[in-house]
Amino acid sequence: MMRSKRGQSIQERMAKMETDVLFAELLKLNPDSLKRLVPIVGDCLEPDLGISAADRKLLAAEVQIVIHSAAAVRFDEALHMALDLNTRATRFTVQLAKQMVQLQSFVHISTAYSNCVVTNVEEKLYPEHLSCSSDKVLAIREHLSDKLIDDMSPALLGRYPNTYTYTKALAEDVILREAVGLPVCIFRPAIIVPTYKEPVLGWCDNMNGPIAIMYGTALGIVRLMCVDKDANIGLVPVDYCANLALACAWKTDQSAHSSGGGEVAMGGGKPTVYTLAPSAKNMISFGQYINLSLTFRDVMPLSKMVWYPVLYCVLNPWLFRIGTFFYHMLPGYFMDLMLRLSGRKPRMVNMYHKVHKNIELLGPFTRRSYALDTSNTNRLQEQMSAKDRLTFQFDMNVLNWGDYFKTMLFGIRLHFAKDPNTPESLAQALKLLKRLKLMHNTLKVSLACAAGAILWSLFKLILN
163 MMRSKRGQSI QERMAKMETD VLFAELLKLN PDSLKRLVPI VGDCLEPDLG ISAADRKLLA
223 AEVQIVIHSA AAVRFDEALH MALDLNTRAT RFTVQLAKQM VQLQSFVHIS TAYSNCVVTN
283 VEEKLYPEHL SCSSDKVLAI REHLSDKLID DMSPALLGRY PNTYTYTKAL AEDVILREAV
343 GLPVCIFRPA IIVPTYKEPV LGWCDNMNGP IAIMYGTALG IVRLMCVDKD ANIGLVPVDY
403 CANLALACAW KTDQSAHSSG GGEVAMGGGK PTVYTLAPSA KNMISFGQYI NLSLTFRDVM
463 PLSKMVWYPV LYCVLNPWLF RIGTFFYHML PGYFMDLMLR LSGRKPRMVN MYHKVHKNIE
523 LLGPFTRRSY ALDTSNTNRL QEQMSAKDRL TFQFDMNVLN WGDYFKTMLF GIRLHFAKDP
583 NTPESLAQAL KLLKRLKLMH NTLKVSLACA AGAILWSLFK LILN
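Counting from 1 along the sequence shown, just add 162 to a position and that's the residue number in this note's numbering.
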């Protein structure tokens with residue numbers, strides 16, 4: 163299902179896919195492969211997904227597998243918008259799936275943090291944490307204006323830190339209440355980050371969460387974070403997520419047949435939940451995430467750095483606010499002054515305001531650890547053949563974090579910074595890095611000398 167987006171029609175979006183690096187390898191093997199795709203006009207904001215009667219009839223007759231992954235992922239999305247996209251659209255998709263006479267598997271893609279009000283998250287549903295059930299909230303939504311719904315956010319969200327996690331939890335409740343009789347499962351990935359191996363190295367098309375921090379640090383713009391360095395961070399490569407989503411579809415169909423009915427056998431009649439997150443044997447902390455991000459700055463720096471990449475961490479939010487003045491805002495005002503003097507538009511201060519807002523939104527997830535149970539996912543992997551485990555790789559036990567971070571930074575350099583993958587581009591960036599490192603160390607020595615001089619003057623003043 164597709165919609166027009168950013169001034170591009172569905173046909174234009176389909177045509178653009180043929181030039182997307184993501185499909186380059188596939189098109190080499192089979193130039194006509196994308197012709198197998200049949201776009202269905204629809205929009206998750208519209209009633210009944212905005213799908214025409216003719217297309218609904220076609221889908222009801224032909225579709226065997228549904229993967230519902232559409233979502234509003236912004237943490238600060240207005241509640242009325244997040245409800246419509248994340249919760250109501252899930253209901254419409256379930257209603258459509260019930261009309262599909264050949265349906266074999268329905269995979270609802272949620273998030274590992276849909277139940278972030280608890281820190282030990284099992285692979286089960288948690289309707290008890292919702293202030294109101296999904297059917298009641300959707301009924302309220304139908305009768306109230308956007309503004310009234312948004313004004314009710316504090317009461318409805320309760321302990322949920324943002325509208326994203328709340329409406330994803332509601333969507334899981336929709337599956338629990340309304341998908342009865344369907345061969346359905348819920349897939350909960352943790353924080354989705356760039357590809358590791360397939361189909362290209364380090365591919366990503368958005369800068370949500372940790373990737374934005376990595377990119378900002380690599381540019382020398384983000385220098386301070388409010389984070390618990392000992393807390394775990396749940397990073398999962400997007401190609402692992404795609405592989406597990408397909409494996410979930412396979413297992414859901416298999417379980418439905420083995421139970422002799424429409425529901426998934428595993429889980430006592432309730433939808434089976436599969437979580438993808440770093441394993442207990444191969445966990446990564448925020449401290450390791452930061453160290454690995456900085457490890458490769460001397461290997462593949464960006465050609466558009468504004469300062470030598472460093473990243474300092476504080477745990478106290480008040481210290482962070484004080485520190486941002488010296489590490490971010492003061493340099494930001496100086497850089498904006500330089501931009502004004504050169505006749506260009508100032509942008510650094512406004513950008514830092516956005517950076518600080520994003521860091522604040524990430525606060526509930528950067529200052530605590532979550533224990534994410536993956537028992538069902540581990541069992542699913544064990545039930546796959548050796549060939550399928552190799553083809554559909556999602557084993558977080560054997561992920562090499564050092565190698566993966568190198569791949570991520572390669573992707574950031576190539577896809578976000580738009581630095582060509584050439585020896586000349588790398589040599590130019592390394593030359594800039596060397597110059598910025600010298601400036602950085604010179605500034606540190608100068609500040610240390612100035613601080614020493616001030617202390618010495620104060621000491622002499624006290625003695626006199």
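Where a beta carbon is used, it is the ideal one built from N, C-alpha and C, also for glycine. Everything numeric in this text was worked out from a predicted model, so none of it was measured.
8 Å contact criterion, which residue i and residue j should meet: CB distance rounded
| i | j | result |
| --- | --- | --- |
| A222 | M262 | 5 Å |
| E187 | P361 | 5 Å |
| L561 | G371 | The Cβ separation is near 18 Å, so there is no contact. |
| L310 | C294 | With 8 Å as the limit, L310 and C294 do not qualify as a contact, their Cβ atoms being about 15 Å apart. |
| L265 | V225 | 7 Å |
| T379 | S455 | 6 Å |
Cβ neighbours of residue i in the same chain (closer than 8 Å, five flanking residues each side left out)
| i | result |
| --- | --- |
| A612 | none |
| L438 | A274, F349, R350, P351, A352, V398, Y402, C403, L406, T536, T539, F556 and M558 |
| V607 | none |
| A232 | M163, C206, L247 and A251 |
| W563 | N444, I446, Q450 and L454 |
| Q590 | S465 |
Nonlocal neighbours in the same chain, by C-beta distance under 6 Å from residue i, ignoring five residues either side
| i | result |
| --- | --- |
| H270 | H230, I337 and I348 |
| M570 | P356 and G364 |
| H291 | V279 |
| T255 | H230 |
| K549 | none |
| I452 | L473 |
| E239 | T325 |
| F567 | L454 |
| L595 | P463 |
| S531 | A393 and N394 |
| G320 | S293 |
| M497 | M510 |
| K593 | none |
Beta carbon of residue i nearer than 8 Å to that of residue j
| i | j | result |
| --- | --- | --- |
| S447 | I395 | yes |
| I521 | C388 | yes |
| A259 | L344 | yes |
| H518 | T539 | no |
| L464 | R597 | no |
| D390 | L481 | no |
| T434 | S267 | no |
| L381 | M467 | yes |
| A411 | L542 | no |
| P201 | M179 | no |
| D313 | H242 | no |
| V384 | L473 | yes |
| M462 | L588 | yes |
| Y358 | M369 | no |
| V203 | D217 | yes |
| M192 | A533 | Checking the displayed sequence, the identity of residue 192 turns out to be Asn instead of Met. No, the Cβ-Cβ distance between N192 and A533 is not below 8 Å. |
Per DSSP, the bridge partner or partners of residue i
| i | result |
| --- | --- |
| C366 | C366 is not bridged to any residue. |
| T379 | Paired residues: none, contrary to the question. |
| Y474 | L386 |
| T434 | C347 |
| N282 | A533 |
| F268 | V228 and V346 |
| S447 | N394 |
| I311 | None, per the DSSP bridge assignment. |
| V203 | M164 |
| I354 | V398 |
| Q173 | None; Q173 has no bridge partner. |
Identity of the residue in the options nearest residue i by Cα
| i | options | result |
| --- | --- | --- |
| L245 | P508, T325, D550 and Q590 | T325 |
| K599 | Y470, V476, V517 and K622 | Y470 |
| D535 | H305, W480, E284 and K507 | E284 |
| L300 | N248, T327, T273 and S272 | N248 |
| P209 | D238, T252 and E239 | T252 |
| L332 | S296, S619, L211 and V468 | S296 |
| F572 | T327, A216 and R459 | R459 |
| D182 | C366, L503 and T584 | C366 |
| F237 | I302, V228, Y322 and L199 | Y322 |
| L211 | Q257, K190 and L189 | Q257 |
| T329 | V346, R303 and V342 | R303 |
Beta-carbon contacts of residue i that lie in its chain and below 7 Å, excluding the five residues immediately before and after
| i | result |
| --- | --- |
| Y514 | H490, M491 and G494 |
| E334 | S272, S276, L287 and I348 |
| G423 | Residue confidence is low: G423 scores 47 on pLDDT, short of 50, so the model does not pin down where it sits. Its coordinate-derived value is still stated next. The answer is none, since no qualifying residue turns up. |
| S166 | I172 |
| I354 | V398, V400 and C403 |
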